[in-house]
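Q: Can you keep this structure in mind? I'll have questions shortly.
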Amino acid sequence: GHLEVKFSGSEDLVDVVEHALNAARSGAGDAEDALPAPVSYRLEAIVAESREMQRVCREIEMAAVTAAPSLLCGEIGTGKSLIARTIHECSPRKGGDFVVLNCAEMPEPVIEQRLFGDAGGVATPGSQPAAGGEQQSEQAARPCTILLDEIVMMPPDLLEKLVLHLAKSVDDKANGAAALRSGLILSADATFESLSQMGGFAALLAQISGVRIEIKPLRERDMDILPLLSHFLYQQIGDWKKIPSLAQDA
327 GHLEVKFSGS EDLVDVVEHA LNAARSGAGD AEDALPAPVS YRLEAIVAES REMQRVCREI
387 EMAAVTAAPS LLCGEIGTGK SLIARTIHEC SPRKGGDFVV LNCAEMPEPV IEQRLFGDAG
447 GVATPGSQPA AGGEQQSEQA ARPCTILLDE IVMMPPDLLE KLVLHLAKSV DDKANGAAAL
507 RSGLILSADA TFESLSQMGG FAALLAQISG VRIEIKPLRE RDMDILPLLS HFLYQQIGDW
567 KKIPSLAQDA
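In this note's numbering, the protein residues as written are 327 to 576.
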């Protein structure tokens with residue numbers, strides 16, 4: 327028989343997914359009622375139906391091909407880590423490492439060593455001194471992308487050092503190849519406007535010469551709710567024919 331799962335914008339999305347999963351596993355929903363993949367734009371793991379997320383997808387593609395640092399801004403839960411990984415997977419560094427340095431959780435000396443390395447430039451992951459020159463050279467040439475996450479929590483002295491490093495990189499064209507090997511993405515749980523008003527971050531924003539991507543929360547992207555629901559359901563069930571039809575209350 328036909329099953330229609332309705333929800334309002336104020337209902338918890340997790341509860342809706344759980345209800346729909348239970349309905350699908352119980353056998354409700356015929357093949358003709360199965361929800362198709364209502365996604366007009368899909369980039370790697372990014373699902374986008376709204377114009378807002380389609381803009382984000384285009385900006386992801388631009389960020390992937392630039393050697394300059396990029397910045398992601400948005401509330402907690404807007405998918406910044408997923409977007410950063412998608413940038414990496416679409417970039418020339420795809421076969422290399424994707425390293426997350428969380429400013430809120432990792433000790434400052436660890437972040438500084440991973441970020442700048444012994445030579446003061448953006449380091450490849452795990453670039454401790456190698457046993458031999460050949461091995462060290464191989465590590466240095468290894469492509470990677472570094473996600474500097476939760477930069478709002480970055481210590482002031484580290485923030486100042488990062489600003490100076492980025493300013494030097496802009497002036498030193500010889501750093502271009504190294505920047506391409508070691509891509510840098512910065513992420514903040516804030517909007518561009520609020521970040522620019524925080525102490526020291528206006529100077530950082532002035533040095534971000536790559537793509538700036540601001541991700542709006544899902545409550546401001548109604549058109550993405552159903553496509554995301556169908557995507558989550560398919561991930562759990564693996565068969566579109568078993569997924570019930572979904573409808574959103576006006």
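Note that CB positions come from ideal geometry on N, CA and C, so glycine has one too.
Are alanine 529 and valine 478 touching if we call contact CB-CB under 8 Å?
A: Counting from one through the sequence shown, the residue named residue 529 turns up at place 203. Counting from one through the sequence shown, the residue named residue 478 turns up at place 152. No, Cβ-Cβ distance for alanine 529 and valine 478 is not below 8 Å.
Q: Just mark arginine 545 as buried or exposed, buried being the case when its beta carbon has 16 or more other beta carbons within 10 Å.
A: Taking the first residue of the sequence shown as position 1, residue 545 is located at position 219. Counting Cβ neighbours within 10 Å, arginine 545 comes out exposed, since fewer than 16 surround it.
Q: Since isoleucine 472 is in the alpha helix (DSSP H), which residue starts that stretch and which ends it?
A: On the sequence shown, residue 472 is found 146 positions in, with the first residue counted as 1. Isoleucine 472 -> not in any alpha helix (DSSP H); beta strand (DSSP E) instead, spanning 470-475.
Q: Looking at glutamate 385: is its Cβ nearer than 8 Å to the Cβ of isoleucine 534?
A: By 1-based counting over the sequence shown, the position of residue 385 is 59. By 1-based counting over the sequence shown, the position of residue 534 is 208. The answer is no: Cβ separation not under 8 Å.
Q: Across the stretch 508-521 and the stretch 547-563, are there enough close Cβ pairs to call them in contact, namely three or more that are closer than 8 Å?
A: Touching, no, given that fewer than three Cβ pairs across the two stretches are closer than 8 Å.
Q: Could you pull the start and end residues of the alpha helix (DSSP H) that valine 436 belongs to?
A: Reading the sequence shown from its first residue, position 110 is the one you call residue 436. Per DSSP, valine 436 belongs to the alpha helix (DSSP H) from 434-442.
Q: Is the separation between the beta-carbon of aspartate 475 and that of cysteine 429 shorter than 8 Å?
A: For the purposes of this step, residue 475 is taken as residue 149 along the sequence shown, with counting starting at 1. For the purposes of this step, residue 429 is taken as residue 103 along the sequence shown, with counting starting at 1. Cβ distance < 8 Å, so aspartate 475 and cysteine 429 count as in contact.
Q: For glycine 526, which residues of its own chain have a beta-carbon under 8 Å away from its beta-carbon, when the five flanking residues on both sides are left out?
A: As a working mapping, residue 526 is identified with position 200 in the sequence shown. Answer for glycine 526: Pro482, Leu485, Glu486 and Val489, listed in chain order.
Q: Return the bridge partner residues of arginine 381 from the DSSP annotation.
A: Taking the first residue of the sequence shown as position 1, residue 381 is located at position 55. For arginine 381, which the question treats as bridged, DSSP gives no partner whatsoever.
Q: Tell me which residue opens and which closes the alpha helix (DSSP H) that isoleucine 534 is part of.
A: For the purposes of this step, residue 534 is identified with residue 208 of the sequence shown, where counting begins at 1. First-last for isoleucine 534: undefined, no H or E at that position.
Q: Under the rule that 16 or more other beta-carbon atoms within 10 Å means buried, what is valine 436, buried or exposed?
A: Here residue 436 refers to the residue found at position 110 of the sequence shown. The residue in question, valine 436, is exposed, as its Cβ has fewer than 16 Cβ neighbours within 10 Å.
Q: Mind reading off the beta-carbon distance from valine 426 to leucine 473? Whole number of angstroms is fine, and I expect it under 8 Å.
A: Here residue 426 refers to the residue found at position 100 when the sequence shown is read from its first residue. Here residue 473 refers to the residue found at position 147 when the sequence shown is read from its first residue. Their Cβ separation, rounded to whole angstroms, is 5 Å, which keeps valine 426 and leucine 473 in contact under 8 Å.
Q: Helix, strand or coil for isoleucine 541, going by three-state DSSP, please let me know.
A: Position 215 of the sequence shown holds residue 541. In the structure shown, isoleucine 541 sits in a strand (DSSP, three-state: E or B).
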